[in-house]
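Undergrad: Residue numbers (our numbering), protein chains in the order written: chain A, 56 to 300; chain B, 603 to 928.
Just so you know, even glycine gets a beta-carbon here, dropped at the ideal spot from N, CA and C.
Predicted model, so just to flag it, every value in this text is computed and none were measured.
(1) Between the stretch 664-678 of chain B and the stretch 698-717 of chain B, do at least 3 Cβ pairs fall closer than 8 Å?
(2) Between residue 278 of chain A and chain B, is the shortest Cβ-Cβ distance under 8 Å, so that the two count as touching?
(3) List the residues of chain A whose Cβ lies closer than 8 Å to the Cβ of residue 750 of chain B, in chain order.
(4) What does the Cβ neighbour count give for residue 278 of chain A, buried or exposed, with the cut at 16 atoms within 10 Å?
(5) By Cβ distance, which residues of its chain are closer than 6 Å to residue 611 of chain B, with the 5 residues on each side in sequence left out?
(6) Can you list the residues of chain B that residue 153 of chain A reaches, using a CB-CB cut of under 7 Å?
(7) Could you check which residue in A:244, A:102 and A:209 has the C-alpha nearest to that of residue 228 of chain A?
(8) For residue 178 of chain A, does the three-state DSSP call read helix, strand or coil?
(9) For the stretch 686-713 of chain B, enumerate the residues whose C-beta is nearer than 7 Å to any C-beta of chain A, in chain order.
(10) Quick check on residue 683 of chain B: buried or exposed, where buried means 16 or more other Cβ atoms within 10 Å of its Cβ?
(11) Near residue 239 of chain A, what residues of its chain come up, given a Cβ to Cβ distance below 7 Å and the 5 sequence neighbours on each side ignored?
(12) Less than 7 Å separating the Cβ of residue 735 of chain B from some heavy atom of the ligand PLP?
(13) Under a CB-based cut-off of 8 Å, is residue 777 of chain B close to chain A?
(14) Run through chain A and tell me which residues come within less than 7 Å of residue 653 of chain B, C-beta to C-beta.
(15) According to DSSP, is residue 278 of chain A part of a helix, a strand, or is it coil?
(16) Going by DSSP, which residues form a beta bridge with residue 802 of chain B?
(17) Check whether chain B comes within 8 Å of residue 292 of chain A, counting only Cβ atoms and requiring the distance to be less than that.
(18) Are at least three pairs of beta-carbons, each pair with one atom in the stretch 751-769 of chain B and one in the stretch 121-134 of chain A, less than 8 Å apart?
(19) Specify the secondary structure class of residue 616 of chain B as computed by DSSP and reduced to three states.
(20) Taking 8 Å as the cut-off, decide whether the C-beta atoms of residue 146 of chain A and residue 761 of chain B are in contact.
(21) If we define contact as Cβ-Cβ less than 8 Å, is residue 794 of chain B a contact residue for chain A?
(22) Taking residue 771 of chain B as the reference, give the member of B:822, B:636, B:702 and B:708 with the closest Cα.
(23) Can you pull out the residues from the stretch 202-230 of chain A whose beta carbon lies closer than 9 Å to at least one beta carbon of chain B?
(24) For residue 736 of chain B, collect the residues of the same chain with a Cβ closer than 7 Å to its Cβ; drop the 5 residues on either side in sequence, then sort them by chain order.
(25) At 9 Å on the CB atoms, spell out the chain B contacts of residue 158 of chain A, in chain order.
(26) Does the Cβ-Cβ distance between residue 179 of chain A and residue 103 of chain A come in under 8 Å?
(27) Return the CA-CA distance between residue 851 of chain B and residue 828 of chain B, expressed in angstroms with no decimal places.
(28) Hey, residue 878 of chain B and residue 906 of chain B: beta-carbon distance below 8 Å or not?
(29) Looking at the C-beta of residue 149 of chain A, does it have a partner C-beta in chain B at a distance below 8 Å?
(30) Where does residue 658 of chain B land, buried or exposed, given buried means 16+ other C-beta within 10 angstroms?
(31) Distance check for residue 641 of chain B and residue 813 of chain B, CA to CA, integer angstroms please.
(32) Helix, strand or coil: which one does DSSP assign to residue 236 of chain A?
(33) Is there a C-beta anywhere in chain B that falls below 8 Å from the one on residue 296 of chain A?
(34) Do residue 775 of chain B and residue 728 of chain B have their C-beta atoms within less than 8 Å of each other?
(35) Look at the alpha carbon of residue 793 of chain B and the alpha carbon of residue 845 of chain B, and state the distance between them as a whole number of angstroms.
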């Protein structure tokens, strides 16, 4: 039998490219990667450190002093960050060789990708449990730092609304609000001192009738009469019911 | 035999049980079956367990009574309350206190196994069938933040409920993951790790008819036999993992002897390194059966305990405290 005649010659480089792309396609066809429970790397740790600066410039340092805790990362559908006490971390390190840990220590928060200037970047979101642990830890280990955290106390109506997931309007805040600053995490408390959740000061476009009521706050942050200042609900204890336990 | 048949028919017609369940009620409660059946007809009680990591029972009682609830302490457990919700406009599972993790909705029978296990601060506890976490969080509160818990469940969807409850109740010394507990020996670190093990084994759930009436007809003998086999495997694995001198509590929310005394008698036949202990709070429940349907389980079963719905006004439960001798 002679050689086949008439068949096109295949470029070797093109053949290799097709092999590579079919390998990648094969990997996709196998399904999503298996979740892992791993130590947080330096890049992702820096995201957490930056976030903690919105709580207090020394908050991260206080938490991590004397290597009391380690940061671990669950790479499942929701990318969860855990703050793991040292003793538990030793045990987790042994177990994760044979099983994928899904929960360990304190659930600090999660990472989510967001588009920023044509790039996808990871952002950290502090959880209710993370907030609860942090404020308690700071209260017990550095009362001075605790006093300097940004906090608000709500009245009964504000508590109910907040726990339903609503934002906070200033007429429901009992504590002094003069020193509230944007881009700082605000810890929200009930009148009994119970930690209810986290909020962020925000300015929103409204009608001019609200201007008189919130004049001081609006003038502090904006020259416009059309902005309302409120606290945006980041996370609250009511989320257990909304997400279903 | 004829009289028995008449009784079975009456139970089936009047109370809606299938034949198998009607027969089993008579076999497992030979003197009390009508009282048990009537007890199963009552609506379930609302019971809560106070999370003592966050609040004292007295303070929680005061706060909930301000919301119109009426609380009465449970027997045996001093951090449990029966709750009357008639005069409150708030749902018990949606109060401010519930969201803050101050209490857990849990039946009295379900609180007993951990109470018997009695975890102490500093101990290593393995919960082999942990989801959705009522007993795991109870273990967590008794450890008071010292010691470690490993909580395992076979279903990933149920692990999410477990995680949610661990978060809500502030349990910070637990590790949870999805795993078939029968094969936990494949994790070398776990061998001889637990000081105590809770095996609240998966079962037919025949003891929770008050909450779920479908249990009257949903199970047959084959289901019970399958569960019995699984329970024996889990128990054997748990005992292999347990430290020498460690304790294991085996519990089910079933009244079938196949899932209770039969499993215990089989494990006693198989292993000579274990012994059944009289529980420390011996007045919780009544002694288990020593024989049923021609099976003889032995007098050791008198150290196991059954919770009777008619006597204890809660779900039917079984528990057994086992010690590993060496």
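TA: Let's see:
(1) Touching, yes.
(2) Taking the first residue of the first chain as position 1, residue 278 of chain A is located at position 223. Here residue 278 of chain A scores only 48 on pLDDT, less than 50, and its place in the model is too uncertain to base an answer on.
(3) Numbered from its first residue, the second chain carries residue 750 of chain B at position 148. Correct list: 142, 143 and 146.
(4) For the purposes of this step, residue 278 of chain A is identified with residue 223 of the first chain, where counting begins at 1. In this predicted model, residue 278 of chain A has a pLDDT of only 48, less than 50, meaning its place in the structure is not dependable; the value taken from the coordinates is given anyway. By the 10 Å Cβ count, residue 278 of chain A comes out exposed.
(5) Here residue 611 of chain B refers to the residue found at position 9 of the second chain. The beta carbon of residue 611 of chain B lies closer than 6 Å to none in the same chain, with the five residues before and after it left out.
(6) Position 98 of the first chain, counted from the first residue, corresponds to residue 153 of chain A. The answer, in chain order, is 788 and 789.
(7) Within the first chain, the letter at position 173 stands for residue 228 of chain A. Closest option to residue 228 of chain A, judged by alpha-carbon separation, among A:244, A:102 and A:209: A:209.
(8) Position 123 of the first chain, counting from 1, holds the residue named residue 178 of chain A. Three-state DSSP puts residue 178 of chain A in a strand.
(9) Taken in chain order, the members of the stretch 686-713 of chain B whose beta-carbon sits within less than 7 Å of a beta-carbon on chain A are 696, 698, 701 and 702.
(10) As a first step, residue 683 of chain B must be located in the second chain, where it is residue number 81. Of the other Cβ atoms in all chains shown, 16 or more fall within 10 Å of the Cβ of residue 683 of chain B; this residue is therefore buried.
(11) By 1-based counting over the first chain, the position of residue 239 of chain A is 184. The answer, listed in chain order, is 109 and 205.
(12) Looking for the ligand PLP in the displayed structure turns up nothing, as the structure carries no ligands at all.
(13) Looking up residue 777 of chain B in the second chain gives position 175. Under the Cβ criterion of 8 Å, residue 777 of chain B is counted among the residues facing chain A.
(14) Residue mapping note: residue 653 of chain B aligns to position 51 of the second chain, counting from 1. Here the premise fails: no neighbours, minimum Cβ distance about 13 Å.
(15) Translated into the one-based positions of the first chain, residue 278 of chain A becomes position 223. Caution applies to residue 278 of chain A, whose pLDDT of 48 falls short of 50 and renders its modelled position unreliable; the model cannot decide the point.
(16) Start at 1 with the first residue of the second chain, and residue 802 of chain B comes out as number 200. Residue 802 of chain B is bridged to B:853.
(17) Position 237 of the first chain, counted from the first residue, corresponds to residue 292 of chain A. At a cut-off of 8 Å between beta-carbon atoms, residue 292 of chain A makes contact with chain B.
(18) Segment contact: the stretch 751-769 of chain B against the stretch 121-134 of chain A, fewer than three CB-CB distances shorter than 8 Å; contact not assigned.
(19) As a working mapping, residue 616 of chain B is identified with position 14 in the second chain. If DSSP states are grouped into helix, strand and coil, residue 616 of chain B belongs with the helices.
(20) Looking up residue 146 of chain A in the first chain gives position 91. Looking up residue 761 of chain B in the second chain gives position 159. Not closer than 8 Å, so no.
(21) For the purposes of this step, residue 794 of chain B is identified with residue 192 of the second chain, where counting begins at 1. Among the residues facing chain A, residue 794 of chain B is not included, as its CB has no counterpart in that chain under 8 Å away.
(22) As a working note, residue 771 of chain B is residue 169 in the second chain. Comparing Cα positions, the closest option is B:702.
(23) Of all residues in the stretch 202-230 of chain A, 214, 215 and 218 have a Cβ within less than 9 Å of some Cβ in chain B.
(24) In the second chain, residue 736 of chain B corresponds to position 134, counting from 1. Once the five neighbours on either side are set aside, the close Cβ partners of residue 736 of chain B are 706, 708 and 712.
(25) Taking the first chain and counting its residues from 1, one reaches residue 158 of chain A at position 103. Neighbours of residue 158 of chain A in chain B, taken as residues whose beta carbon is under 9 Å from its own, are 753, 761, 764, 765, 768, 769, 776, 777, 778 and 779 in chain order.
(26) Taking the first residue of the first chain as position 1, residue 179 of chain A is located at position 124. Taking the first residue of the first chain as position 1, residue 103 of chain A is located at position 48. Result yes, Cβ atoms of residue 179 of chain A and residue 103 of chain A sit closer than 8 Å.
(27) Your numbering for residue 851 of chain B matches position 249 in the second chain. Your numbering for residue 828 of chain B matches position 226 in the second chain. The straight-line gap from Cα to Cα measures roughly 21 Å.
(28) What you label residue 878 of chain B is simply residue 276 of the second chain in a count that begins at 1. What you label residue 906 of chain B is simply residue 304 of the second chain in a count that begins at 1. Their beta carbons are under 8 Å apart, which means residue 878 of chain B touches residue 906 of chain B by this criterion.
(29) As a working note, residue 149 of chain A is residue 94 in the first chain. With 8 Å as the cut-off, residue 149 of chain A counts as an interface residue toward chain B.
(30) Along the second chain, one-based indexing puts residue 658 of chain B at 56. Residue 658 of chain B should be labelled exposed.
(31) As a working note, residue 813 of chain B is residue 211 in the second chain. As a working note, residue 641 of chain B is residue 39 in the second chain. Approximately 12 Å between the Cα atoms of the pair.
(32) In the first chain, residue 236 of chain A corresponds to position 181, counting from 1. If DSSP states are grouped into helix, strand and coil, residue 236 of chain A belongs with coil.
(33) Translated into positions along the first chain, residue 296 of chain A becomes position 241. Judged by the 8 Å Cβ criterion, residue 296 of chain A is in contact with chain B.
(34) On the second chain, residue 775 of chain B is found 173 positions in, with the first residue counted as 1. On the second chain, residue 728 of chain B is found 126 positions in, with the first residue counted as 1. No; because the gap between Cβ atoms is not below 8 Å, this pair is not in contact.
(35) Start at 1 with the first residue of the second chain, and residue 793 of chain B comes out as number 191. Start at 1 with the first residue of the second chain, and residue 845 of chain B comes out as number 243. Each residue's Cα considered, the two are about 8 Å apart.
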